[in-house]
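Step one of this worksheet: look at the structure below.
In this note's numbering, the protein residues as written are 2 to 170.
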């Protein structure tokens, strides 16, 4: 686990206290198209804050491409279920612990994806789900290429930049 238990506890505390300021929301609304903005807005506050932090890090790093910003803002939108319900925060802790201590159990639960295990399946496939949701929302081709590269792990300058910023936040 990056940084160990203390790091994860700080992450959890930050998630509980996460806020997106009105001026930040206005900025996001200027970056995303209306249907994309709906994907962003249905994410829980902690995922919105994380996505915005990733995006702002890219901007600070001199990445001025709106497609990269949009991909950063939407890279975790697949963590909501098909009805738009966000993944409860408690599941994130379960995933981190299982992936670190018992990865085979995480993978088995993700493969099942049914009933109580559905959040495992959603979490494991969230990057692919983000591509599909962004496509349904009418995202620009450049955004879809970046999200698809993130989902597949393929090298791509925009996807690599988002992955790097994501790892820092």
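C-beta atoms are modelled at their ideal positions from N, C-alpha and C, and glycine is treated no differently.
For clarity, every value in this text was computed on a predicted model and none was experimentally measured.
Residue environment, residue i, which counts as buried when at least 16 other CB atoms sit within 10 Å
i: residue 49; result: buried
i: residue 35; result: exposed
i: residue 24; result: exposed
i: residue 2; result: Bear in mind that a pLDDT of 45 at residue 2, under 50, signals an unreliable position, so the model cannot answer this.
i: residue 18; result: exposed
i: residue 106; result: exposed
i: residue 117; result: exposed
i: residue 120; result: buried
i: residue 56; result: buried
i: residue 166; result: buried
i: residue 155; result: exposed
Rounded distance between the beta-carbons of residue j and residue i, thought under 8 angstroms
i: residue 123; j: residue 82; result: 6 angstroms
i: residue 78; j: residue 33; result: At roughly 10 angstroms, the Cβ-Cβ gap does not stay under 8 angstroms, so residue 78 and residue 33 are not in contact.
i: residue 162; j: residue 64; result: 6 angstroms
i: residue 16; j: residue 90; result: 6 angstroms
i: residue 46; j: residue 20; result: 7 angstroms
i: residue 111; j: residue 128; result: No, residue 111 and residue 128 are not in contact; Cβ-Cβ is about 13 angstroms, not under 8 angstroms.
Residue i and residue j closer than 8 angstroms at C-beta
i: residue 52; j: residue 76; result: yes
i: residue 148; j: residue 126; result: no
i: residue 143; j: residue 68; result: yes
i: residue 66; j: residue 159; result: yes
i: residue 169; j: residue 73; result: no
i: residue 37; j: residue 140; result: yes
Below-8 angstroms beta-carbon distance, residue i vs any chain D residue
i: residue 149; result: Annotation note: the requested chain D is absent from the structure, which comprises a single protein chain.
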